[in-house]
Amino acid sequence: MENTLNNITFFAQAAPAAQTTSAQVVPAAPDASAVPGEQAPQGAFGGGAMTIAVYVLLFAGLWFLLFMPQRKRQKELQKLQSELKTGDSVVTTSGIIGKIVSLDEAKATLQVSAGTQITFLRAHIVGKAAE
142 MENTLNNITF
152 FAQAAPAAQT
162 TSAQVVPAAP
172 DASAVPGEQA
182 PQGAFGGGAM
192 TIAVYVLLFA
202 GLWFLLFMPQ
212 RKRQKELQKL
222 QSELKTGDSV
232 VTTSGIIGKI
242 VSLDEAKATL
252 QVSAGTQITF
262 LRAHIVGKAA
272 E
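Residue 249 in this note's numbering is what sits at position 108 of the sequence shown, and the numbering runs on without skipping anything.
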């Protein structure tokens, strides 16, 4: 059996060498799995567990780089919208700047100019305006 494995290894290694030059002959390397008590060498990262660990770390890094800043901005916006009060100057998603005249759970009425009031959804207020 070991002789057959050596012959297969020899022909597998000698075939590419024979294609390049006919004078080169590559000797057969001993098969590490044929030696009792030794294991075959593993991949560059040490096997499947290490590869999985690299992918997990890569995913965790991307998660913190992409999703955590967005979550932080969303929490700040929710805090701003919950702390609104009458008299605040605010900016809406459409870019309209006005002063809050009245508030309820879902809506805010803004005075945008003398005598002009517009009602917006409270969720569309995205920031406070400089007064």
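Ideal placement from N, C-alpha and C gives every residue a C-beta, glycine not left out.
Ignore the nearest five residues each way along the sequence and tell me which others in residue i's own chain have a CB closer than 6 Å to its CB.
i           : result
residue 250 : 242, 243, 258, 260
By Cβ distance, which residues of its chain are closer than 8 Å to residue i, with the 5 residues on each side in sequence left out?
i           : result
residue 233 : 239, 251, 261, 265, 266, 267
residue 218 : 267
Would you mind working out which of the options sits nearest residue i, comparing C-alpha positions?
i           : options            : result
residue 224 : 191, 200, 245, 189 : 245
residue 236 : 253, 201, 190      : 253
According to DSSP, is residue i helix, strand or coil?
i           : result
residue 158 : Only weak support exists for where residue 158 lies, its pLDDT of 47 falling under 50; the coordinates are left without a value.
residue 268 : strand
residue 249 : strand
residue 189 : helix
residue 244 : strand
residue 223 : helix
residue 228 : coil
residue 202 : helix
My assumption, with CB atoms under 8 Å, is that residue i sits in contact with residue j. Please give the rounded CB distance.
i           : j           : result
residue 263 : residue 215 : That belief does not hold up - the Cβ atoms of residue 263 and residue 215 are roughly 15 Å apart, past 8 Å.
residue 270 : residue 231 : 6 Å
Which residues in the same chain have their Cβ closer than 7 Å to the Cβ of residue i, if we skip the five residues on either side of it in sequence?
i           : result
residue 247 : 262, 263
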